[in-house]
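Peer 1: To start, I am sharing the structure in question, which I have written as structure tokens.
Residue numbers (the numbering used here): 14 to 336.
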């Protein structure tokens, strides 16, 4: 492990190849080689976008792809959770007919509590994803509709279930389920060939939440990062891979805590062990310091995630990476 590791994703400047895949009559996936994904639901009279991209400029490419397949207004934006890299492109959809921004009440509460700090933190971590960040309007992306546990939206004859199936990536995690098509949009609860970011996670809850997703028996699934999963076998692999990563990481951290080891020692040992199996996954080196820090917190004295700030990010990185 290099002692000169570049902070977070600041060295990740290579453009990614975008894919726009049709999953059903009503569902599309916008994916980009491990960058944050966007889901699209096309109803009888309107479109829903699930996660907006990081800036209005990046959202424009999503809109361009949508307009290749439909001219229906994009009436709904759904936030799977509060992270800036997912939500700050929302303003681009206003010109396309956006009437409502939907999120769980837990996500709304997190925006109130830590949205500004998270915005500054993520912009520092992901310079490529936040290019033209000056086009983001001042302030936060605020939901206009909130819900608890379940909301059903009818887009004409298409039933769209908006569900909180449990905590995992954050306490506000929301999935979108199309029961007729058996397509699920998971947000960052599920990743595929990409490292789960767990800096704001609930490690003890996450595996059960994945089991709750599996219980719906989705035939296709759009993860938060990675390719669209288009067979039940691929869906099962995405769920199993995410479950294995978060479970193994938390088990390693808890074992270190039980031995009385400090955070840095636990981080070094956990990184070395998980790198063998997961080191080739997208953003592995970026995520691990944040993931292990949160796991250590949860295993010791902080049941709820502490707020990340740009300053805390850098201090943590320097302490764990010897830079």
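Think of the CB as a built atom: it goes at the ideal place given N, C-alpha and C, for glycine as much as any other residue.
Quick check on residue 151: does DSSP put it in helix, strand or coil?
Peer 2: coil
Peer 1: CA-CA distance, residue 327 and residue 164?
Peer 2: Straight through space, the alpha carbons of residue 164 and residue 327 are spaced by roughly 39 Å.
Peer 1: Considering only their Cβ atoms, is the gap separating residue 201 from residue 254 smaller than 8 Å?
Peer 2: Contact check for residue 254 against residue 201 fails: the beta carbons are separated by 8 Å or more.
Peer 1: Which same chain residues, not among the five before or five after residue 323, have their C-beta less than 7 Å away from its C-beta?
Peer 2: 133, 134 and 137.
Peer 1: For residue 217, I'd like the list of residues in its chain whose CB is within less than 8 Å of its CB, leaving aside the five on either flank, ordered along the chain.
Peer 2: 263 and 311
Peer 1: Distance check for residue 99 and residue 14, CA to CA, integer angstroms please.
Peer 2: For residue 14, the pLDDT reaches just 39, beneath the cut-off of 50, and the residue's location in the model is therefore unreliable, leaving the point undetermined.
Peer 1: Excluding sequence positions up to five away, which residues of its chain have a Cβ less than 7 Å from the Cβ of residue 172?
Peer 2: 165, 192 and 193
Peer 1: In the DSSP assignment, find the unbroken beta strand (DSSP E) run with residue 238 in it and report its ends.
Peer 2: 233 to 238
Peer 1: Near residue 325, what residues of its chain come up, given a Cβ to Cβ distance below 6 Å and the 5 sequence neighbours on each side ignored?
Peer 2: Same-chain partners within the cutoff: there are none.
Peer 1: Output the distance between the C-alpha atoms of residue 252 and residue 182, rounded to the nearest integer angstrom.
Peer 2: Taking the straight line from one Cα to the other gives about 13 Å.
Peer 1: How far does the beta strand (DSSP E) with residue 50 in it extend, from its first residue to its last?
Peer 2: Counting along the chain, the unbroken beta strand (DSSP E) around residue 50 starts and ends at 48 to 55.
Peer 1: Compare the C-alpha of residue 170 against each of 38, 180 and 287 and name the closest.
Peer 2: 38
Peer 1: Cα-Cα, which of 127, 129, 59 and 266 is closest to residue 112?
Peer 2: 59
Peer 1: Among the candidates 69, 308, 207 and 184, whose CA atom is the shortest distance from the CA of residue 45?
Peer 2: Residue 45 has its Cα closest to that of 207, out of 69, 308, 207 and 184.
Peer 1: Taking the alpha-carbon positions, what's the residue 53 to residue 79 distance?
Peer 2: Those two C-alpha atoms are separated by around 8 Å.
Peer 1: What is the residue span of the beta strand (DSSP E) that residue 201 lies within?
Peer 2: 196 to 204
Peer 1: Can you tell me whether DSSP reads residue 294 as helix, strand or coil?
Peer 2: coil
Peer 1: So, with DSSP's three-state summary, where would you put residue 263?
Peer 2: helix
Peer 1: For residue 293 and residue 28, what's the separation of their Cα atoms in angstroms?
Peer 2: Residue 293 and residue 28: Cα-Cα distance of roughly 18 Å.
Peer 1: Please state if the CB of residue 259 and the CB of residue 321 are separated by a distance shorter than 8 Å.
Peer 2: no
Peer 1: Among 261, 240 and 233, which has the Cα closest to the Cα of residue 248?
Peer 2: 233
Peer 1: Distance check for residue 101 and residue 157, CA to CA, integer angstroms please.
Peer 2: 15 Å
Peer 1: When burial is assigned at 16 or more other CB atoms within 10 Å of the CB, is residue 179 buried or exposed?
Peer 2: buried
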